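Comments concern the structure below.
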Amino acid sequence: MIQIGNAPCSWGVEFADDPRNPSWRQVLSDCAAAGYKGIELGPIGFMPEDPATLADGLAEHDLTLIGGVVFRPFHDPAKWDEVRDAARRTCASLTAHGAKHLVLIDSIAPARAPTAGRASEAVQMDAADWAAFVHRFREIARMGVDHGLTVGIHAHAAGFMDFEPELERLLNEIDASLLKICFDTGHHSYAGFDPVAFMRRHIGRISYMHFKDIDPVVKARAVASRTGFYDACAQGIFCNLGKGDVDFPAVRQTLLDAGFSGWCTVEQDCDPAGPTSPVDDARTNREYLASIGF
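Under my numbering, residue 306 is the last one in the sequence shown; the count climbs by one each step, no gaps.
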């Protein structure tokens with residue numbers, strides 16, 4: 013059975029300490045009101061790390077904690093302690109609530125930011141830096157598995173794990189028993205590749221899905237002008253599902269053909285101080301998914 017969840021980033025929550033964030037209780041309330049039964053943790057520190065407090069909030073709104081993301085600079089050896097600390101805390105919170113999915117994302121790198129969507133121009137790591145990068149992913153993946161979690165790599169615009177060739181290279185270098193794929197339809201399109209074609213090739217390794225759509229007009233403008241990722245989010249690059257260039261009926265059919273069972277999480281990254289209504293967008297996205305059979 014496929015279940016549909018949402019995530020705090022759909023309310024603009026990218027960093028736990030952003031004063032513009034809504035309260036965690038508001039996010040839980042909105043998520044349930046919009047028709048979802050599951051939610052992600054968000055950046056560690058946004059939701060309470062006290063298990064009893066968060067358990068009460070989840071129970072109040074009949075929500076399951078699906079998983080959580082370590083969105084940190086895996087590319088930067090000087091930040092390795094930060095990455096490990098965030099991973100340890102995230103694993104602890106997830107296991108306390110019976111969540112299943114740990115998602116690893118290399119955060120935005122200054123050297124990569126101008127070439128989001130421009131694979132042929134993006135600066136590449138040398139062999140030694142790449143090997144260390146892979147090692148860091150492997151170590152955190154092992155931490156997650158040791159906590160009983162399913163770990164997925166997630167490509168992300170403007171990081172060093174962005175484009176399809178580097179994602180496939182990483183998958184070839186880390187055993188599938190340690191690392192699976194959290195596949196994000198929108199980021200794959202942002203990078204300039206075909207999400208459905210990738211899914212068909214790698215469906216056996218996809219353990220978890222992020223449903224994100226992308227406005228082709230905003231994307232073309234952002235790529236042409238080398239717009240920063242968060243500025244592109246504020247400009248609406250991630251539109252309501254079904255309004256962009258991701259073929260969600262084909263995504264659904266690919267999942268069904270493979271017998272996929274589990275959570276698919278809607279994400280519509282936005283500016284927390286922007287003009288849109290996150291709860292209205294969340295409701296619209298859930299209604300769209302229901303209309304195509306989810």
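For each residue, glycine too, the CB sits at the ideal point set by N, CA and C.
The model shown is predicted, which means the values in this text are computed figures rather than measured ones.
Can you tell me whether residue i is buried or exposed? The criterion is at least 16 other CB atoms within 10 Å of its CB, across all chains shown.
i, result
"Asn33", "buried"
"Gln280", "buried"
"Glu52", "buried"
"Glu72", "exposed"
"Ile304", "exposed"
"Ala19", "buried"
"Asp97", "exposed"
"Asn184", "exposed"
"Glu178", "buried"
"Leu268", "exposed"
"Glu94", "exposed"
With distance defined between alpha-carbon atoms, name the residue in the options nearest to residue i.
i, options, result
"Val135", "Arg298, Leu114 and Pro122", "Pro122"
"Asp88", "Met137, Gly47, Phe241 and Ser41", "Met137"
"Leu114", "Pro126, Ala246, Cys282 and Arg101", "Arg101"
"Gln15", "Phe175, Ile78, Gly24 and His73", "Ile78"
"Arg181", "Val81, Ile165, Ala170 and Ala169", "Ile165"
"Gly160", "Phe172, His109, Ala167 and Thr127", "His109"
"Arg233", "Asp158, Thr266 and Ala128", "Ala128"
"Ala104", "Gly156, Trp92, Glu151 and Asp93", "Gly156"
"Ser35", "Pro60, Gly47, Lys49 and Gly17", "Pro60"
"Phe172", "Trp142, Arg212 and Thr296", "Trp142"
"Thr76", "Lys255, Gly47 and Arg264", "Gly47"
"Arg150", "Ile186, Asp158, Pro177 and Arg130", "Ile186"
"Ala294", "Met13, Lys49 and Ala28", "Lys49"
"Val208", "Leu106, Ala170, Val263 and Phe241", "Val263"
"Arg212", "Ile226, Thr266 and Val235", "Thr266"
Per DSSP, residue i forms a beta bridge with which residues?
i, result
"His222", "Asp196 and Thr277"
"Asn18", "Ile51 and Val278"
"Thr296", "Beta-bridge pairing links Thr296 to no other residue."
"Thr288", "Answer by DSSP bridge pairing: none, since Thr288 is not bridged."
"Thr76", "Gly50"
Going by the CB atoms, is the gap between residue j and residue i shorter than 8 Å?
i, j, result
"Arg148", "Leu190", "no"
"Thr162", "Lys112", "yes"
"Pro228", "Asp257", "yes"
"Ser41", "Phe83", "no"
"His168", "Ile193", "no"
"Ala244", "Asp283", "no"
"Gly248", "Val230", "yes"
"Gly312", "Trp275", "Here the chain has residues from 13 to 306 only, and residue 312 is not among them."
"Ala131", "Gly240", "no"
"Gly271", "Tyr300", "no"
In the DSSP assignment, the beta strand (DSSP E) including residue i goes from what residue to what residue?
i, result
"Phe83", "Gly79 to Arg84"
"Thr162", "Thr162 to Ile165"
"Leu114", "His113 to Asp118"
Since residue i is in the alpha helix (DSSP H), which residue starts that stretch and which ends it?
i, result
"Gly69", "Pro63 to Glu72"
"His214", "Pro207 to His214"
"His147", "Ala139 to Asp158"
"Val235", "Pro228 to Ser237"
"Asp42", "Trp36 to Ala45"
"Leu267", "Phe260 to Asp269"
"Arg181", "Glu176 to Glu185"
"Glu94", "Trp92 to Ala108"
"Ala170", "Taken as a continuous stretch (DSSP letters only), Ala170 belongs to no alpha helix (DSSP H), as it is neither H nor E."
"Asp29", "Counting along the chain, Asp29 falls outside any alpha helix (DSSP H), and DSSP gives it neither H nor E."
"Ala246", "Phe241 to Ala246"
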